[in-house]
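Visitor:
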Amino acid sequence: MALVKPKTDAVIVGMGWTGAIMAKELTDAGLRVVALERGPDRDTQPDFSYPRVADELEGSVHRKFLQSLSKETVTARHGLRDSAVPYRQIGSFKPGTGVGGAGTHWSGCHFRALPEDFTLRSSLQQRYGKKFIPELMTIADFPVGYEELEPHFDHFEYVCGTSGKAGVIQGAKVSGGNPFEGSRSREFPLGPTRNYLGAEMFYKAAREMGYSPYPIPASNASAPYVNPYGCQMGPCNFCGFCSDYGCINYSKATPNISILPILRLRKEFELRADSQVLRVNLDAARTRATGVSYLDAQGREIEQPADLVLLCAFSLYNVHLMLLSGVGPAYDPVADTGTVGRNYSYQNLNRVNLFFDESVQANGFIGIGGGGAVFDDLNGKQLDNAKAGFVGGGVIWARQPGAGPVRGITTAPGVPAWGSAWKQGVKDAFRHSFYFEVQGACMSYRDHYLDLDPTYRDAFGRPLLRMTFDWNDNEIRASQFLVGKALEMAKVLNPKAVSGDAKKAGEHYNITRYQSTHTCGGAIMGANPKTSALNRYLQSWDVPNVFAPGANAFPQNNGYNPTGMVGALTYWAAKAIREQYLKSPGALVHV
Amino acid sequence: MNDDESATSPSRRELIKKLSLIPLSAAAVAGCAQQADNPAAYTPTFFSAAEWAFLNSACDRLIPPDAIGPSAAQAGVPEFIDRHMQTPYAAGDIWYMQGPFVEAAPQFGYQGRLPLRDILRVGIKAFDAHCQRTLSGKTFAQLDHAQQETLLKAAEAGALKLEQISAKEFFGQLLAETRMGYFSDPKHGGNKHMAAWKMIGYPGARADYADWVEVRDRPYPLPPVDLSGKRG
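Those protein sequences? They're chains A and B, same order as listed.
Under the numbering used here, the first residue of the first sequence is numbered 3, with each subsequent residue one higher.
Under the numbering used here, the first residue of the second sequence is numbered 588, with each subsequent residue one higher.
1. Contact criterion: CB-CB distance below 7 angstroms. Does residue 644 of chain B meet it with respect to chain A?
2. Determine, using beta carbons only, whether residue 56 of chain A comes closer than 7 angstroms to chain B.
3. Can you give the Cα-Cα distance for residue 332 of chain A and residue 326 of chain A, rounded to whole angstroms?
4. Considering only DSSP beta bridges, list what residue 139 of chain A is partnered with.
5. Do the stretch 254-267 of chain A and the stretch 275-289 of chain A meet, that is, are 3 or more Cβ pairs less than 8 angstroms apart?
6. Taking 7 angstroms as the threshold (beta carbon to beta carbon), is residue 745 of chain B in contact with chain A?
7. Below 9 angstroms between beta carbons is the criterion; list the residues of the stretch 380-402 of chain A that meet it against any residue of chain B, in chain order.
8. Closest Cβ-Cβ distance between residue 249 of chain A and chain B: below 7 angstroms?
9. Please classify residue 20 of chain A as buried or exposed, where buried requires at least 16 other C-beta atoms within 10 Å of its C-beta.
10. Could you tell me which whole alpha helix (DSSP H) segments of length 4 or greater appear in the stretch 167-224 of chain A?
11. For residue 6 of chain A, which three-state DSSP category applies?
12. Relative to the C-alpha of residue 536 of chain A, which candidate in A:296, A:31, A:312, A:465 has its C-alpha closest?
13. When you compare only the Cα positions, how much space is there between residue 90 of chain A and residue 709 of chain B?
14. Hey, would you say residue 106 of chain A sits closer than 7 angstroms to residue 256 of chain A, going by beta carbons?
15. Using only alpha-carbon positions, find the residue among A:588, A:583, A:593, A:592 that is nearest to residue 33 of chain A.
16. Please state whether the Cβ-Cβ distance between residue 201 of chain A and residue 354 of chain A is less than 7 angstroms.
17. For residue 358 of chain A and residue 497 of chain A, which I take to be in contact (beta-carbon distance under 8 angstroms), what is that distance rounded to the nearest angstrom?
18. Is residue 252 of chain A close to chain B, meaning its C-beta is less than 7 angstroms from at least one C-beta of that chain?
19. Based on the DSSP output, what are the partners of residue 524 of chain A in its beta bridges?
20. What span of residues does the beta strand (DSSP E) with residue 296 of chain A cover, start to end?
21. Between residue 235 of chain A and residue 160 of chain A, what straight-line distance do the alpha-carbon atoms span, to the nearest angstrom?
22. Which residue marks the beginning of the beta strand (DSSP E) containing residue 441 of chain A, and which one marks its end?
23. Which residues, taken in chain order from the stretch 513-524 of chain A, show a beta carbon closer than 7 angstroms to some beta carbon of chain B?
24. Could you tell me which chain B residues have their CB closer than 9 angstroms to the CB of residue 322 of chain A, listed as they occur along the chain?
25. Using a C-beta to C-beta distance shorter than 7 angstroms, which residues of chain A count as neighbours of residue 696 of chain B?
26. Quick check on residue 749 of chain B - is its C-beta less than 7 angstroms from some C-beta in chain A?
27. If you check the beta carbons only, do residue 553 of chain A and residue 522 of chain A fall under 7 angstroms apart?
28. Alpha carbon to alpha carbon, how far is residue 612 of chain A from residue 308 of chain A?
29. Between which two residues does the beta strand (DSSP E) containing residue 399 of chain A stretch?
30. Quick one: list the residues of chain B neighbouring residue 242 of chain A, beta-carbon separation under 8 angstroms, in chain order.
31. Do the CB positions of residue 473 of chain A and residue 649 of chain B come within less than 7 angstroms of each other?
32. Which residues in chain A have a C-beta closer than 9 angstroms to the C-beta of residue 806 of chain B? List them in chain order.
33. How many angstroms separate the CA atom of residue 102 of chain A from the CA atom of residue 346 of chain A?
34. Applying the 10 Å Cβ sphere with the 16-neighbour rule, what's the burial state of residue 731 of chain B?
35. Three-state secondary structure (DSSP) at residue 355 of chain A?
36. Ignoring anything shorter than 4 residues or poking outside the stretch 735-791 of chain B, list the alpha helix (DSSP H) runs there in chain order.
Dropping the structure here:
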């Protein structure tokens, strides 16, 4: 018999970015909030402190800041007719765990979506006609627009002390920023981060090719900063332990340093770490959540009743909890019915490596997670999709989050994997190479989705989430097109050698290779309750006292990193809860 | 910018100074630092004598002795692997280890039931058995370098067939462990004297490059520092 805790106003599942934002906004509104985090409590001191953090074996092999797959994972398959097998070792994507979630080990790239990203389907139809979008491509417009989210993009950037350069402020172009971006209400809170060699070379090559490069908006502080909550950040020292690691310097914006310092002082806020939520409990009619059940650190099952349930887990696990609990009908791709699990999408990431002689000091060990250079000339409406031959664009960038030798040294083409020639190859490459990347959009399709696996179970006895995903021709063509452009840029710089990994025709999704943690969709927001799990306020259509902020809400993925959009959407949803839902609890959208 | 220690920030310099006291004082008391730095002095506790012989030979083919830098054995890689096999990681701590275990396309990764430590142990045994069966009773360690390299190449290419385990899978894990031991912080047992870091010019655990981001005209000047604060 489960122990039953006293009822609370709101229970939050997961204490990453979305959980911390929701906890802040709801305690601001006077609600009592209980936050349940499956992993341990963590903070800069002592968990991310120097020198212990600077240990590649612990961070990038033992993966001490990531989720252990021994307890929860997903299964994966390429198509509807295949049997899925478990994602047994971390590869393609890296969910976090513990207080701060993936927000502790992210890199810091902090983009806004383009205005046209919100209207993808209708914009394409308008530009190229209704037949342009393939029949099984299930891309959709977001049920919210750029202008509505602008104040929230802005606020989240100020919470994160994002370093960057605006390209458009209040409708007027500003030089040095992205000329194609949506209009900003004001400049970034901090100026751009400094350029390492790879970024400097990127500017040179991009300008020579006629592109419009600008600094990647980076939530890695370029200068000391105090955010609107009074939380302090120190300037990034380019330590090179960023992606995969917690920040030693209070320089990378994280839930831990940017929001939790004030939350921890609030008596309305109670954080219970090491609390594994098992399911959302529903009433008999399955139209109202009564709270959640979780395992505490001792393994006791605890019931936490609440008026409001906020699913703030990593995108995949939000979908998992909804499927396990029956928050909305499960999607069936054959019958084309149901909503939860629909429109799973990913990110089309590709890399081009440039190798130079020893006179070129690229120093890849110097690293900053988000800082670098990027352009949007082949993204959004800048790209003529009919001419390019695929739907969705992408960005090309130079990034250098920090490379130590345990994380792997990419060697020039022709270097073997071992022996003296390998030794010479790593010695030649380590300080004298850098890379550009293509981060392409990923469309959603009728047969790319999430459901419950019929065979495999997690450590708590629940069916694992099953991912059905593969590369479609559209994404392969995009990869080839964009990598081709990146290779043209590389040529401008006259490197000794170049390698690129454009996807080949017929290539299948390889879950063993790290590509991106940008797993999107599965519980998408939309205007139609038949084809979306959430309404425009990230509220479940079926169980209105459940909200599920996260990248799970994206109907498809664009060419950007999702965190900026996820943060903005969460503030947007929190505003709707505070200003509308609390006055009249119930569905916020009626169709 | 001076090409010396003052290139790091004052606070970091202080920290490094403080940290460097720890190993020095420990060495003064026990005199054991030298022994710990000598790869030959290590006695394995995970691997048997036969497995240890295989490991030392195989690692030194993967990262051989030459003028470029130390070999795997010179750098203490076998010690690293012996110690690494006794961590929760090698026992499958962060891998999903529940069945059923079925074969799948290589894009889905290793789907077997063995955790890392058993992949190595079973693999070494099977590899040696193969050598003894096909090469006049000799173990891998007893073969000459050219023979050893030929066998490792066959394993890498998936051409070698072993009982009980995929030679390709075993080879992949052995190579990964060897590289990892070569380049990890010396506290884990390999990378003795930070020699592998020096070979490639990695400054190790310095983790502070604010003053070198925009320097283009000369190589980064400082030697490596390890997690214990020692300088290479």
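Ideal placement from N, C-alpha and C gives every residue a C-beta, glycine not left out.
Nothing here was measured: the structure is a model prediction, and the numbers come from that model.
Guide: A quick look at the data gives this:
1. The count along the second sequence starts at 1 and reaches residue 644 of chain B at position 57. No, residue 644 of chain B lies away from the interface with chain A (no Cβ there is under 7 angstroms from its Cβ).
2. Along the first sequence, one-based indexing puts residue 56 of chain A at 54. Interface residue, yes.
3. To locate residue 332 of chain A, count along the first sequence from 1; it is residue 330. To locate residue 326 of chain A, count along the first sequence from 1; it is residue 324. Here the C-alpha atom of residue 332 of chain A lies approximately 9 angstroms from the C-alpha atom of residue 326 of chain A.
4. Position 137 of the first sequence, counting from 1, holds the residue named residue 139 of chain A. Residue 139 of chain A pairs with A:447.
5. Contact fails between the stretch 254-267 of chain A and the stretch 275-289 of chain A, because fewer than three Cβ pairs, one in each stretch, are under 8 angstroms apart.
6. Taking the first residue of the second sequence as position 1, residue 745 of chain B is located at position 158. No, residue 745 of chain B does not count as interfacial toward chain A.
7. Of all residues in the stretch 380-402 of chain A, none has a Cβ within less than 9 angstroms of some Cβ in chain B.
8. One-based indexing of the first sequence puts residue 249 of chain A at position 247. So, not an interface residue.
9. Translated into the one-based positions of the first sequence, residue 20 of chain A becomes position 18. Classified as buried, residue 20 of chain A has 16 or more neighbouring CB atoms from the shown chains inside 10 Å of its CB.
10. Taking only runs of at least 4 residues, the alpha helix (DSSP H) segments lying wholly in the stretch 167-224 of chain A are 199-210.
11. What you label residue 6 of chain A is simply residue 4 of the first sequence in a count that begins at 1. The three-state reading of DSSP puts residue 6 of chain A in strand, counting E and B together.
12. On the first sequence, position 534 is the one that residue 536 of chain A refers to. Measuring from the Cα of residue 536 of chain A, the nearest candidate turns out to be A:312.
13. What you label residue 90 of chain A is simply residue 88 of the first sequence in a count that begins at 1. What you label residue 709 of chain B is simply residue 122 of the second sequence in a count that begins at 1. Linking residue 90 of chain A to residue 709 of chain B through their CA atoms gives a straight-line distance of about 20 angstroms.
14. Here residue 106 of chain A is taken as the residue at index 104 of the first sequence, counted from 1. Here residue 256 of chain A is taken as the residue at index 254 of the first sequence, counted from 1. Using a Cβ distance threshold of 7 angstroms, residue 106 of chain A and residue 256 of chain A count as a contacting pair.
15. Looking up residue 33 of chain A in the first sequence gives position 31. For residue 33 of chain A, the nearest C-alpha among the options comes from A:583.
16. What you label residue 201 of chain A is simply residue 199 of the first sequence in a count that begins at 1. What you label residue 354 of chain A is simply residue 352 of the first sequence in a count that begins at 1. Judged by beta-carbon spacing, residue 354 of chain A lies beyond the 7 angstroms limit of residue 201 of chain A, meaning their Cβ atoms are not closer than that value.
17. Taking the first residue of the first sequence as position 1, residue 358 of chain A is located at position 356. Taking the first residue of the first sequence as position 1, residue 497 of chain A is located at position 495. Contact holds; Cβ gap of about 5 angstroms.
18. Indexing the first sequence from 1 puts residue 252 of chain A at position 250. Residue 252 of chain A does not count as touching chain B.
19. Taking the first residue of the first sequence as position 1, residue 524 of chain A is located at position 522. DSSP lists A:344 as the bridge partner or partners of residue 524 of chain A.
20. Along the first sequence, read from residue 1 onward, the residue named residue 296 of chain A stands at position 294. Residue 296 of chain A -> beta strand (DSSP E) spans 291-297.
21. To locate residue 235 of chain A, count along the first sequence from 1; it is residue 233. To locate residue 160 of chain A, count along the first sequence from 1; it is residue 158. The C-alpha of residue 160 of chain A is placed about 12 angstroms away from the C-alpha of residue 235 of chain A.
22. The residue given as residue 441 of chain A occupies position 439 in the first sequence. Taken as a continuous stretch (DSSP letters only), the beta strand (DSSP E) holding residue 441 of chain A covers 435-442.
23. The residues in question are 513, 514.
24. Counting from one through the first sequence, the residue named residue 322 of chain A turns up at place 320. Within 9 angstroms Cβ-Cβ: nothing; residue 322 of chain A doesn't reach chain B, min ~14 angstroms.
25. To locate residue 696 of chain B, count along the second sequence from 1; it is residue 109. Scanning chain A for C-beta atoms nearer than 7 angstroms to the C-beta of residue 696 of chain B yields 90, 91, 93, 513, 514, reported in chain order.
26. Sequence index remark: in the second sequence, residue 749 of chain B carries index 162 (1-based). False, the Cβ-Cβ gap to chain A never drops below 7 angstroms.
27. Sequence index remark: in the first sequence, residue 553 of chain A carries index 551 (1-based). Sequence index remark: in the first sequence, residue 522 of chain A carries index 520 (1-based). Yes; because the gap between Cβ atoms is below 7 angstroms, this pair is in contact.
28. For residue 612 of chain A there is no data in the structure shown, the boundaries of chain A being 3 and 593.
29. Residue numbering aside, residue 399 of chain A sits at position 397 when the first sequence is read from its first letter. Residues 396-402.
30. Working through the first sequence from its first residue, we reach residue 242 of chain A at position 240. Result: 794, 796.
31. Residue numbering aside, residue 473 of chain A sits at position 471 when the first sequence is read from its first letter. Residue numbering aside, residue 649 of chain B sits at position 62 when the second sequence is read from its first letter. No. Outside cutoff.
32. The sequence position of residue 806 of chain B within the second sequence is 219, counting from 1. Contact of residue 806 of chain B with chain A by beta-carbon distance below 9 angstroms involves 360, 363, 365, 433.
33. In the first sequence, counting from the first residue as 1, residue 102 of chain A sits at position 100. In the first sequence, counting from the first residue as 1, residue 346 of chain A sits at position 344. So the two alpha carbons sit approximately 24 angstroms from each other.
34. Position 144 of the second sequence holds residue 731 of chain B. Under this definition residue 731 of chain B is an exposed residue.
35. One-based indexing of the first sequence puts residue 355 of chain A at position 353. Correct three-state label for residue 355 of chain A: strand.
36. The stretch 735-791 of chain B contains these whole alpha helix (DSSP H) runs: 754-770, 782-787.
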